[in-house]
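Report on the structure given below.
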Amino acid sequence: MASPIKRIGILTSGGDCAGLNAVIRAVVHRAIRGYGWEVYGIRRGTDGLAERPVDAVELSFKDVPGYLMLMSGTILGTTSRGDPFEVKMPDGSTLADKIIEGYHMLGLDALIGIGGDGSMAILQKLADRGGWQIVGIPKTIDNDVGLTENAVGFNTAVEVATEALDRLHFTAASHSRVMILEVMGRDAGHIALTAGIAGAADVILIPEIPYSLESIRNKIESRRRLGKNYSQIIVSESVRNAQGDSVTQIDPTGRTRYGGIGHYLAGRIGEMTGAETRVTVLGHVQRGGTPSPLDRVIASAFGVNAVDLIAKERFNRIVTWQRRAVVDIRIADAIASYASVDPNGALVATARGLGVCLGD
Ligand code: F6P
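Count along the sequence shown from 1, add 38, and you get the number used in the numbering used here.
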């Protein structure tokens, strides 16, 4: 029986990361070579579907050259503007209604959404309300999408954070300083924990394990007693102390965001230990740079398999990476099982086994 699919869309949603273009490239190749479908790239995430005319462009092989593998960001653009069901239009409808209509105006038979758990929840809601057929691909440097070992972009972010620790190591030693590296990750500590182990940090602070300043001081002082004149601390942006306090900032739009824990710790650690402290806030550097080979490979596997899922008409599913294979699961199940760091898991045990202070 001939496939009822003739035209698919693809969009990137939420914060960008390295490897998104590799996904787009894989989707275009598989959809055209494997099935002869038309592929429409929607610009700026779901915002493109709300534009009139819909802001989308048909993608062909010439739009996805091999060098896209080297480019971070997304050639389609993205948006992280929150829930369109909450945005009211002057006529009383919502932005979501407009977005839903855009899918049908474009004549799509299915849509591939590349996003983190927040974007996936919104896309699933749009699909349920709007009669869309969707397949998801997980991406986020935070690596907190449930039931996948890797989301696209995580591995590159870890490489960037590890390289930063490597670079800080020798300047820390030369000046007998405590170096603090603040990394992203939102509510999950995967970047800090993984890069911290790889980069031989002395202290790794993650949101899943409340920290105490005394524990950090003890570690710095015990290193001094061993003749080690410097220490390296990697801290996840959303860590909390035993009272549950984190450090946040209000951005110019009035939104509360994480950020500033590095400088807070530097002040307190300086007071408590007398050490000279310096802070590096890595920020959006973690989302850019050349995608790592692993991210390129996972992105390509996800893209090809997502297209195959559409061909099999398996919708409302997301591709995941499990035990070196691509496995598809329900989007709802991935969203329901948020993946934070397991405080009893292998990497925390590894860090403890290496004598790393986890702040507790
Ligand atoms: O979710 C990805 C992420 O980079 C988080 O690690 C970070 O907290 C947040 O996005 C930053 O968002 P923005 O790009 O809006 O500053």
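For glycine and all other residues, C-beta sits at the position ideal for the given N, C-alpha and C.
For this session: Compute the Euclidean distance between the alpha carbons of E197 and L332, then round it to the nearest angstrom.
Result: Taking the first residue of the sequence shown as position 1, residue 197 is located at position 159. Taking the first residue of the sequence shown as position 1, residue 332 is located at position 294. For E197 and L332, the distance between alpha carbons rounds to 11 Å.
For this session: Reducing DSSP to helix, strand and coil, say where L203 ends up.
Result: As a first step, residue 203 must be located in the sequence shown, where it is residue number 165. Judged by DSSP in its simplified three-state form, L203 adopts helix.
Exercise. Name the DSSP beta bridge partners of D366, please?
Worked result: What you label residue 366 is simply residue 328 of the sequence shown in a count that begins at 1. Here D366 is bridged, per DSSP, to V357.
Exercise. What do you reckon, are the CB atoms on N181 and A377 nearer than 8 Å?
Worked result: One-based indexing of the sequence shown puts residue 181 at position 143. One-based indexing of the sequence shown puts residue 377 at position 339. Result yes, Cβ atoms of N181 and A377 sit closer than 8 Å.
For this session: To the nearest angstrom, report how far apart I299 and P91 are at their CA atoms.
Result: In the sequence shown, the residue the question calls residue 299 occupies position 261. In the sequence shown, the residue the question calls residue 91 occupies position 53. Using only the alpha carbons, I get a separation of about 44 Å.
Exercise. Is it the case that the CB of E275 approaches a heavy atom of ligand 1 more closely than 7 Å?
Worked result: Within the sequence shown, numbered from 1, the residue matching residue 275 stands at position 237. Answer for E275: yes, Cβ within range of ligand 1.
Exercise. In three-state terms, what does DSSP make of N279?
Worked result: The residue labelled residue 279 in the question sits at position 241 within the sequence shown. In this structure, N279 counts as strand in the three-state DSSP scheme.
Problem set entry | Segments assigned alpha helix (DSSP H), at least 4 residues, entirely inside the segment 129 to 211 | DSSP runs (the alpha helix (DSSP H)) wholly in the segment 129 to 211: 133 to 143 and 155 to 168.
Problem set entry | L251 in three-state terms, based on DSSP | By 1-based counting over the sequence shown, the position of residue 251 is 213. Three-state result, L251: helix.
For this session: Put T388 into one of helix, strand or coil per three-state DSSP.
Result: The residue you call residue 388 lines up with position 350 of the sequence shown. Three-state DSSP puts T388 in a helix.
For this session: Can you give me the Cβ contacts of R215 inside the same chain, cut-off strictly under 8 Å, excluding the 5 residues immediately before and after it?
Result: As a working note, residue 215 is residue 177 in the sequence shown. Excluding residues within five positions, the ones whose Cβ falls inside 8 Å are T209, Y268, A313, E314, T315 and R316.
For this session: Measure the C-alpha to C-alpha separation of G297 and D93 and round it to an integer number of angstroms.
Result: Working through the sequence shown from its first residue, we reach residue 297 at position 259. Working through the sequence shown from its first residue, we reach residue 93 at position 55. So the two alpha carbons sit approximately 34 Å from each other.
Problem set entry | For N354 and D366, the rounded distance between their alpha carbons | Sequence index remark: in the sequence shown, residue 366 carries index 328 (1-based). Sequence index remark: in the sequence shown, residue 354 carries index 316 (1-based). Answer to the nearest angstrom: the Cα atoms are 10 Å apart.
Exercise. Exposed or buried, which one is L303 when buried takes at least 16 other CB atoms within 10 Å?
Worked result: Here the question's residue 303 lines up with position 265 in the sequence shown. Residue environment analysis places L303 among the buried positions, since at least 16 neighbouring C-beta atoms fall within 10 angstroms of its C-beta.
For this session: If I'm right that C55 touches T200 with Cβ under 8 Å, what's the distance once you round it to whole angstroms?
Result: Indexing the sequence shown from 1 puts residue 55 at position 17. Indexing the sequence shown from 1 puts residue 200 at position 162. Between T200 and C55 the Cβ distance is about 16 Å, and since that is not below 8 Å, they are no contact.
Problem set entry | Closest by C-alpha distance to A280, when choosing among G305, M109, P245 and R295 | Within the sequence shown, numbered from 1, the residue matching residue 280 stands at position 242. Restricting attention to G305, M109, P245 and R295, the CA atom closest to the CA of A280 is found in P245.
For this session: May I have the straight-line CA-CA distance separating I272 from S284, to the nearest angstrom?
Result: As a first step, residue 272 must be located in the sequence shown, where it is residue number 234. As a first step, residue 284 must be located in the sequence shown, where it is residue number 246. Cα to Cα, I272 sits roughly 15 Å from S284.
Exercise. Helix, strand or coil: how does DSSP classify Y268 here?
Worked result: Looking up residue 268 in the sequence shown gives position 230. When secondary structure is reduced to three states using DSSP, Y268 falls in the coil class, being assigned neither helix nor strand.
Problem set entry | Chain-order list of residues whose beta-carbon lies under 7 Å from that of E259 (same chain, five-residue window excluded) | The count along the sequence shown starts at 1 and reaches residue 259 at position 221. Answer for E259: T311, listed in chain order.
Problem set entry | Check whether M107 and R361 have beta carbons under 8 Å apart | Counted from its first residue, the sequence shown places residue 107 at position 69. Counted from its first residue, the sequence shown places residue 361 at position 323. Contact check for M107 against R361 fails: the beta carbons are separated by 8 Å or more.
Exercise. From S212 to Q270, what distance separates their C-alpha atoms?
Worked result: Here residue 212 refers to the residue found at position 174 of the sequence shown. Here residue 270 refers to the residue found at position 232 of the sequence shown. Straight-line Cα distance between these residues: approximately 13 Å.
Problem set entry | Rounded Cβ spacing between I80 and L49 (contact assumed at less than 8 Å) | One-based indexing of the sequence shown puts residue 80 at position 42. One-based indexing of the sequence shown puts residue 49 at position 11. Confirmed, about 4 Å.
Problem set entry | Beta-carbon gap between S375 and G184 smaller than 8 Å | Numbered from its first residue, the sequence shown carries residue 375 at position 337. Numbered from its first residue, the sequence shown carries residue 184 at position 146. With contacts defined as CB atoms closer than 8 Å, S375 and G184 qualify as a contacting pair.
For this session: State the beta-bridge partners of T294 as determined by DSSP.
Result: Taking the first residue of the sequence shown as 1, we reach residue 294 at position 256. In the DSSP secondary-structure assignment, T294 is bridged to I288.
For this session: Drop a sphere of 10 angstroms on the beta-carbon of T294, count the other beta-carbons inside from all chains shown, and report buried for 16 or more, exposed for fewer.
Result: Mapped onto the sequence shown, residue 294 falls at position 256. Taking a 10 Å sphere around the C-beta of T294, we find fewer than 16 other C-beta atoms and assign the residue as exposed.
Exercise. Going by the beta-carbon positions, is the gap between F123 and T132 smaller than 8 Å?
Worked result: Start at 1 with the first residue of the sequence shown, and residue 123 comes out as number 85. Start at 1 with the first residue of the sequence shown, and residue 132 comes out as number 94. The Cβ atoms of F123 and T132 lie closer than 8 Å to each other.
Exercise. DSSP three-state call for M217: helix, strand or coil?
Worked result: Along the sequence shown, one-based indexing puts residue 217 at 179. Here M217 carries a strand assignment [DSSP, helix/strand/coil].
For this session: Could you say if the segment 141 to 154 and the segment 162 to 173 meet the contact criterion of at least three C-beta pairs nearer than 8 Å?
Result: The segment 141 to 154, when compared against the segment 162 to 173, does touch it at the 8 Å Cβ threshold.
Exercise. Are the CB atoms of I373 and A159 nearer to each other than 8 Å?
Worked result: If you number the sequence shown from 1, residue 373 lands on position 335. If you number the sequence shown from 1, residue 159 lands on position 121. Contact flag set, yes.
For this session: Drop a sphere of 10 angstroms on the beta-carbon of L58, count the other beta-carbons inside from all chains shown, and report buried for 16 or more, exposed for fewer.
Result: Working through the sequence shown from its first residue, we reach residue 58 at position 20. With 16 or more Cβ atoms within 10 Å of its Cβ, L58 is classed as buried.
For this session: Out of P176, S110 and L114, point me to the one whose CA is closest to F340's CA.
Result: Along the sequence shown, read from residue 1 onward, the residue named residue 340 stands at position 302. The shortest C-alpha separation from F340 is found at P176.
For this session: Express the C-alpha separation of T112 and V95 in angstroms, rounding to a whole number.
Result: Here residue 95 is taken as the residue at index 57 of the sequence shown, counted from 1. Here residue 112 is taken as the residue at index 74 of the sequence shown, counted from 1. CA-CA distance, V95 to T112, rounds to 14 Å.
For this session: Using 7 Å as the cut-off, classify the Cβ of H142 as near or not near the heavy atoms of ligand 1, replying yes or no.
Result: As a working mapping, residue 142 is identified with position 104 in the sequence shown. H142: no, Cβ never under 7 Å from ligand 1.
For this session: Quick one: give me the first and last residue of the beta strand (DSSP E) that E96 is part of.
Result: For this step, residue 96 is matched to residue 58 along the sequence shown. Following the DSSP letters along the chain, one finds E96 inside the beta strand (DSSP E) bounded by residues A94 to L97.
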